Amino acid sequence: DAKTTQPNSMESNEEEPVHLPCNHSTISGTDYIHWYRQLPSQGPEYVIHGLTSNVNNRMASLAIAEDRKSSTLILHRATLRDAAVYYCIAPNSGGSNYKLTFGKGTLLTVNP
Amino acid sequence: EAGVAQSPRYKIIEKRQSVAFWCNPISGHATLYWYQQILGQGPKLLIQFQNNGVVDDSQLPKDRFSAERLKGVDSTLKIQPAKLEDSAVYLCASSPRGDRDREQYFGPGTRLTVT
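Chains U and E, in that order, are what the protein sequence lines are.
Under the working numbering, the first sequence has 18 at position 18, and the numbering climbs by one with no breaks.
Under the working numbering, the second sequence has 139 at position 27, and the numbering climbs by one with no breaks.
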């Protein structure tokens with residue numbers, strides 16, 4: 001898997017946008033970038049994934065740098081429910097099995 | 113659609129005892145994963161099944177851990193005998209296929225405490 005680097009923690013205010021960065025400088029051209037989050041006492045939850053172009057869904061947006069060495073998860077209006085650990089993962093696309101390797105992620109705190 | 117189901121949600125055992133966890137994936141999902149999450153860390157993959165065959169068990173401590181997925185649906189993970197360091201949350205996840213562009217769906221996990 002491509003090594004990913006995320007800040008240990010970030011803080012945001014409710015109803016403000018949040019930009020969560022991730023560096024993945026060793027990513028290959030066919031590796032997808034996945035984001036998951038884990039709310040307290042729950043299993044991880046899929047957020048979004050992308051390959052080259054920016055992606056949007058109902059939960060978030062994913063902005064991928066042109067050289068693909070970094071990406072940013074964007075929460076457009078943070079709510080208290082978005083407080084969680086966010087994991088950026090770039091699984092190796094080669095081989096017969098495809099698995100996620102979780103790091104420690106970024107702990108997002110949302111202030112009311 | 114129903115999510116990934118796991119039971120029990122909590123389990124407390126003494127070291128050297130055995131324990132088993134059960135997982136029912138989302139209907140129709142061919143790929144099933146078991147993860148171990150130690151407090152303060154991200155989940156670590158223990159074993160991956162594609163239907164009822166093992167795809168990857170490279171990080172499964174095979175001297176004490178075993179897993180099976182009979183008929184390619186439900187799965188059980190067993191620890192025998194348990195050690196103190198096995199205290200963790202055990203997560204089950206499933207995916208339609210183990211493809212690089214498909215998401216995994218996680219269950220709520222089983223919190224195991226070994227005393």
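Where is the CB? At the ideal position from N, CA and C, for every residue including glycine.
From a predicted model like this one, the values you see are computed outputs, not experimental measurements.
Starting from the beta carbon of glycine 140/E, find every residue of chain U whose beta carbon is closer than 7 Å, and list them in chain order. Scanning chain U for C-beta atoms nearer than 7 Å to the C-beta of glycine 140/E yields nothing, as the closest lies near 17 Å away.
Whole-Å CB distance - phenylalanine 161/E paired with serine 187/E, under 8 Å assumed: Contact holds; Cβ gap of about 7 Å.
Cβ closer than 7 Å: which chain E residues qualify as neighbours of glycine 43/U? Taking a Cβ-Cβ cut-off of 7 Å, the neighbours of glycine 43/U in chain E comprise Leu203, Phe218, Gly219, Pro220 and Gly221, given in sequence order.
Using three-state DSSP, classify glycine 50/U as helix, strand or coil. Here glycine 50/U sits in strand by DSSP.
Can the beta-carbon of cysteine 88/U be found closer than 8 Å to that of serine 71/U? Yes, these two residues count as a Cβ contact at 8 Å.
Just the chain E side, please: which residues come within less than 8 Å of tyrosine 87/U by C-beta, in chain order? Contact of tyrosine 87/U with chain E by beta-carbon distance below 8 Å involves Gly154.
Assuming methionine 10/U is part of the beta strand (DSSP E), what are its boundary residues? For methionine 10/U, the uninterrupted beta strand (DSSP E) run begins and ends at 9 to 13, by DSSP.
Under 7 Å by beta carbon: chain U residues contacting glutamate 180/E: Within chain U, not a single residue places a beta-carbon under 7 Å from that of glutamate 180/E; the smallest gap is close to 18 Å.
Measure the CB-CB distance between leucine 158/E and leucine 144/E and report whether it falls below 8 Å. Against a cut-off of 8 Å, the Cβ pair of leucine 144/E and leucine 158/E comes out as no contact.
According to the neighbour-count rule (16 or more other Cβ atoms, all chains shown, within 10 Å of its Cβ), is tyrosine 36/U buried or exposed? By the C-beta density criterion, tyrosine 36/U is buried, having at least 16 other C-beta atoms within 10 angstroms.
Relative to the C-alpha of glutamate 197/E, which residue among Arg181/E, Arg214/E and Glu126/E is closest? Of the candidates Arg181/E, Arg214/E and Glu126/E, the residue whose Cα lies closest to the Cα of glutamate 197/E is Glu126/E.
Looking only at C-alpha atoms, which of Leu189/E, Val167/E and Ser119/E sits nearest to alanine 179/E? Across the set Leu189/E, Val167/E and Ser119/E, the C-alpha of Leu189/E shows the shortest separation from the C-alpha of alanine 179/E.
Taking all protein chains shown into account, do 16 or more other C-beta atoms lie within 10 angstroms of the C-beta of lysine 99/U, making it buried, or fewer, making it exposed? A residue is called buried when at least 16 other Cβ atoms come within 10 angstroms of its Cβ; lysine 99/U meets this threshold and is buried.
Given a cut-off of 8 Å, decide if valine 85/U and serine 12/U are closer than it, judged by their beta-carbon atoms. In this structure, valine 85/U does not lie closer than 8 Å to serine 12/U by Cβ.
Which residues does DSSP pair with lysine 127/E in a beta bridge? Answer by DSSP bridge pairing: none, since lysine 127/E is not bridged.
When the distance is taken between beta carbons, is leucine 182/E closer than 8 Å to asparagine 164/E? With contacts defined as CB atoms closer than 8 Å, asparagine 164/E and leucine 182/E qualify as a contacting pair.
DSSP-derived helix/strand/coil call for glutamate 16/U: Three-state result, glutamate 16/U: coil.
What is the DSSP secondary structure of arginine 81/U, reduced to helix, strand or coil? Of the three classes helix, strand and coil, the one that applies to arginine 81/U here is helix, per DSSP.
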